[in-house]
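Working notes for the structure below.
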Amino acid sequence: MSTNTDINTALSVTTPPQVRTPVHRASAVGQIGRIVGIAVLVLGAITALGPLLWTVSTSLRTPAEAFTNPPQWIPLHPDFSNYSAVFDQIPIGRFFINSVIVTVLIVVGQTVTCTLSGYAFAMVEFPGRNAIFAVFLATMMVPLQTIIIPVFVIIRYLGLSNSLMSLVVSALGSAFGTFLMRQYFMQLPRELGEAARIDGAGHFQVFFSVYAKMAGPAIATLAILNFSAFWAEFYRPLIFLQTQDNFTLPLGLVALQGNLGTGSISIVLAGVVLAMLPSVILFIVAQRYFIAGVTAGSSR
Amino acid sequence: MTHPQPALFGRRTLLKGAAGLGLAGLLGAATACGGDGSGGGSSSKTLKMLYFGEQSAATELQNRLQPAITKLDPTIKFEIAAINGTDWNDFLAKVLTQVAAGTPPDIISVATEGLQLMAQKELAVPLDDYVTKDMADLKESYFADVHPALVESMMYEGHLWELPDSFNAGNMFYNTGLFEKAGVDAPAEGWTIDDFENAASKVANIKGINGFGWVVRLWGSWTSFMYANNANLLEEGKYDGGDWLWNSAYAGDPAAAGRKGGWKWGAPTANSPGTVEALDYMIQLNKKGLSPKPDVGGGGTLQGLFASNRLGMAIGGGFWAGGLTNAGMKKGSFDVQLFPKWQSQRHLFGAGGYAIFKSSQKKDLAWETLKQLVKPETFDIVFPGNVTTPGRKSLMTAERYAKTGPKNWSVFYDTLTKHPDTMPIPAPPYYNAMATALNQRTTQAMSSGDAKAALDGLQSDLEKAAS
Amino acid sequence: MSTVTGAATVTAKAAASPPRRRQHPTKQGEGRFGFMMIGLAVLFVAVFTAIPIVASFLLSFSSWDVISPPEFVGLKNYQELLADGPVLKSFGVTIGMALAIVVLQLLVGLVLAVLVNQRKMIWLRTIFRTAFYLPLLASTAAVSIFMGYLFDYQFGVVNYYLGLVGIPAVPWLNSPFGAATTIVLITVWQQAGFTFVLFVAALMAVPTDVLEASQIDGASSLSSLLRIKIPLISPTILFAAVVAMINAMQLFDQPYIMTKGGPGTATTTVTIAMYQKGFQNLEFGYGSAIAIGLLVIILAITGLQFLAARKVVFYQ
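Residue numbers (the working numbering), protein chains in the order written: chain X, 39 to 338; chain P, 823 to 1289; chain H, 10 to 325.
So this is what it looks like as structure tokens:
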């Protein structure tokens, strides 16, 4: 976790031991506070989960029932035909594989580039460091639609158009990912690295043997954030990919909506649920690293 | 902390090497994977087609037509990419990106919405010479089967730019179950707008049900009422020319009388009395509780609402035969009739067809493929399940609509044959700007209740766009 | 109370990072090493982001319809932009929605994080953490689609339940203000999960010694929250605010799918206006000019955020 060891050490040294006995506040206020707190949390959870539950339950009903109120939150007769229809209407297996290839490669690739550069921006002195980092940040501020045509021209120039690699190669660098890793590294104590250097370690050795090991939570976070984001990506695949064999999942799922919206809403929602599933499973499995790491980029 | 051992080769060097190799490897693999699509349709050995619809249909079509293409040129591979979007804007975005990047397709499916833009920008080539060359065959095999209104809608400045194969006219769909429950008779062919309003009122009396529903868009919204009111958004005119086609393909056909060189859309008339009256009619319908405020998305929600028996009536075309069925409506639960009569019974329609890209290096081959694409047997491969209306009269059979309904399917083509005033939606070269402005001003009118003010705004929007 | 903040300040100074200018034995290789480390990232970001941005910048001085070659027009696009009422309005709409989104996102995330953190039982914490994070895992397009159904004026679930408690049906997507509000709500619904998780972890990192010291001092949990916890996690708050603002200013999917920018132009964000003017009207030069305008605005807002942060954010 991102506990700042410096503060802890300092605190235990400088905080003078207190002599006053702890005063217990009247528990009534505390009790009410606790109840209100739980109520707010429960309300929040209902708000967060409600729409998702509606989506799942509607995907298990026929389209004609989609608008019945009160909504049946848990369908009495779940109808899985919508899900099999998804498999019938589109080659979802193929799309799934494509999405896996693209997403995994991007995640791995960004882990490398963002960790290396994040470390350098945080820990290594080099001329123009702040200026280059500022430019990095600025690149986050231009919407994709603006640059998609120049990017596509470059993709084509590299001979990558219509390939899954077009999606991968153009996403191997990330200003956000570098930012995240930089923030994390800036929280780690510098003494460790300095001690290693005094001992004669080369720069890269310091990185690899000392700090890279500690970057686990941050890397895990970036990985999971990237996974969710690129798994659900639609616009770049729309523009870069031409033939169906190469389509990724979100692009393939649009087909369920049918020409001019003639598709069935229940099938569309079944597709939505199917698309979310891998991210959800991954999140539940990796929750520990996830929460631990998300904060990594935040302080400083 | 232990002393880190200096490595034999600097780790740095190794990593650099690995990174370098990795990068090279990636790019190598990339070009290997991506080689096929990298060349343009023009230079490489593929005949490329961009098609707005489902990929599964596209793939099957591709496989079906490949033999015919191979016969013409054994070196050519036919490749169809389907683009699925909820509207033509997504399609257009994709087409433009490809054009920008230098990989334009050879053949492209374009609907009325995009036709004049493509023609004016000279993205496509006129088909006049090709059609004339093959007229002997086409006259019987194609033009005899396709209503001249559809062909005329694919003309611009006297030239034919596309071969149409499908269309959708704005007819009125109604829910038979709700009509029965409300005690409303099935509408007759010549029913009027008063009949329509009566029906809507009776159906709206049923608790929780709306008499009529619509969605904000150019095709089949308040615009249908506008057409029936003999009004329009733009001045209606026709380009000269076209005799080369009418005299050879449709010689002696009364349906071709008065047709010229394509629709010429003139000065905006968005705030003309007839247009304002039509939009205001929708506002009144809403105020009377007969129609909810319309959705702004695509037709998807409208279809969902209709299919879940919440709406008595809605405007739809042949595409709803398949659409409503997909949405779960049983055959017989819905039916269709002509749009009701107001000042006239003029309908609007949109058509779809195929064009050849100007930059194509394989125009002759593309033309041969075009002819294949508009053959009767190709239609159901391209559009399985009645998701649009065939442009060929011969395909309009009871058998086609046996599984999906509606019972009154003959209405679809009758709109063309029995009503010579049926005309396409206004689709000038600046269609996109017009559609966006129309959507904005329509929602503005519905939420403010002031049709005149909104349409005054639309008038100035269109004047700006047209200039 | 003052003892606590006094102690905090003292510890802050004591815990300041060690002097950075200590001479390292191998300093000369550092610059080179640094460049090599950032090399890959810079390469990819430069090729696929920076260069396209430069291309867009250059395009903004031209008139280009994609089909014919671009035509240089100097500052004409920018002049047109400054006189273009609807596009300027979209800037206003965007900033308004973005402010609402970011403030709500931060508030909701913070409140929920504080509350979750107070729960003593791990399993409760896990359940709530999962619940609040799940919305983020759906794609923005999917959210826009199913939320469109939920907020339907007549048949949506939201109005149904409101009706049960006697509130008349709200024209969520049919009125200008309603539509903007709905977009804000569904965006916050999703993005609050991100700030929530950020803050939960940040709160967990607050050293317990400081908290204990303040409790012994007699501080109530509310004041310890306000005076200790929040300042200590203020760097996280800044990060979240900056990232959230950058994303909110580029909002596209939700308004485009749910309302197509309507009713009227009530939810037409800058990116939607740019898409309409660029792709749809075949005026890429003008579209690029709008994008550059947006970049400038976002830079300015981010700069303001960092300036304000100097006064408020507390680094250890």
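Even for Gly, the Cβ is constructed at its ideal location relative to N, Cα and C.
Asked, Found
"Listed in chain order, which residues of the segment 1136 to 1157 of chain P have Cβ atoms closer than 8 Å to some Cβ of chain X?", "F1141, W1142, G1144, G1145, N1148, A1149, G1150 and M1151"
"Could you check the C-alpha separation between A991/P and G1139/P for me, to the nearest Å?", "5 Å"
"At a Cβ threshold of 8 Å, is F134/X touching chain P?", "no"
"Around the Cβ of P60/X, are there at least 16 other Cβ atoms within 10 angstroms (buried) or fewer (exposed)?", "In this prediction, P60/X scores a pLDDT of 46, lower than 50, which makes its location untrustworthy; no coordinate-derived value is stated."
"Residues of chain H with CB closer than 8 Å to the CB of S1269/P, please, in chain order.", "P180, N183, S184, P185, P272 and G273"
"Which residue wins for smallest C-alpha separation from N136/X, given the options A261/X, I319/X and N284/X?", "N284/X"
"First and last residue of the beta strand (DSSP E) that includes N990/P?", "L985 to A991"
"What are the partner residues of Q1159/P, as DSSP defines its beta bridges?", "M994/P"
"According to DSSP, what are the bridge partners of I929/P?", "M871/P and I1178/P"
"Do A1149/P and S302/X have their C-beta atoms within less than 8 Å of each other?", "yes"
"Taking Cβ positions only, does T281/X come closer than 8 Å to chain P?", "yes"
"Taking only the alpha-carbon atoms, compute the straight-line gap between W1036/P and T280/H and give it to the nearest angstrom.", "28 Å"
"In the DSSP output, which residue or residues are listed as bridge partners for Y978/P?", "H981/P"
"Whose CA, out of L1040/P, T1219/P, L1056/P and A1143/P, lies closest to the CA of G935/P?", "Before going on, a small fix: residue 935/P reads as Glu here, not Gly. Comparing Cα positions, the closest option is L1040/P."
"Can you look up A903/P in the DSSP assignment and give me helix, strand or coil?", "strand"
"Between Y1223/P, D1016/P and S1270/P, which has its C-alpha nearest F1141/P's C-alpha?", "Y1223/P"
"DSSP three-state label for T286/X, please.", "coil"
"Mind the definition here: the segment 127 to 143 of chain H touches the segment 177 to 188 of chain H only if three or more C-beta pairs lie below 8 Å; say whether that holds.", "no"
"Excluding the 5 residues flanking V917/P on each side, which residues of the same chain have their C-beta closer than 7 Å to its C-beta?", "L872 and I930"
"For Y169/H, which residues in chain P fall below 7 Å Cβ to Cβ?", "Near Y169/H there are no residues of chain P at all, since even the closest Cβ is about 11 Å away, more than 7 Å."
"Secondary structure at W1142/P, three-state DSSP: helix, strand or coil?", "helix"
"How would you list, in chain order, the residues of chain X whose beta-carbon sits under 8 Å from the beta-carbon of G1083/P?", "Within chain X, no residue comes near G1083/P; the closest Cβ sits about 29 Å away, beyond 8 Å."
"Kindly indicate which three-state DSSP category N1230/P falls into: helix, strand or coil?", "coil"
"Ignore the nearest five residues each way along the sequence and tell me which others in F137/H's own chain have a CB closer than 6 Å to its CB.", "V125"
"With 8 Å as the threshold, decide whether the Cβ of I131/H is near any Cβ in chain X.", "no"
"Where does R1263/P land, buried or exposed, given buried means 16+ other C-beta within 10 angstroms?", "buried"
"Using a Cβ cut-off of 7 Å, which residues of the segment 85 to 99 of chain H contact any Cβ in chain P, in chain order?", "none"
"K1086/P lies in the beta strand (DSSP E); which residues open and close that run?", "W1085 to P1090"
"Which word fits W1044/P, buried or exposed, when buried means at least 16 other C-beta atoms lie within 10 angstroms of its C-beta?", "buried"
"For I1137/P, does the three-state DSSP call read helix, strand or coil?", "strand"
"Count the other CB atoms within 10 Å of the CB of G856/P; is the residue buried (16 or more) or exposed (fewer)?", "In this prediction, G856/P has a pLDDT of 32, which is less than 50 and means its spatial position is unreliable; nothing more can be read from the coordinates."
"Just tell me which of V206/X, P129/X, V78/X and P109/X has its CA closest to the CA of A879/P.", "P129/X"
"Alpha carbon to alpha carbon, how far is V19/H from M224/X?", "The pLDDT assigned to V19/H is 38, lower than 50, so where the model puts this residue is not dependable, and the model offers no usable value."
"Ordered along the chain, which non-local residues of its own chain (more than five positions away) have a Cβ less than 7 Å from that of R1081/P?", "P970, E974, G1064 and W1068"
"Could you name the residues that DSSP lists as bridge partners for V1037/P?", "D1117/P"
"What does K1115/P touch in chain H if you count any residue whose Cβ is under 8 Å from its own?", "Y162, P180 and N183"
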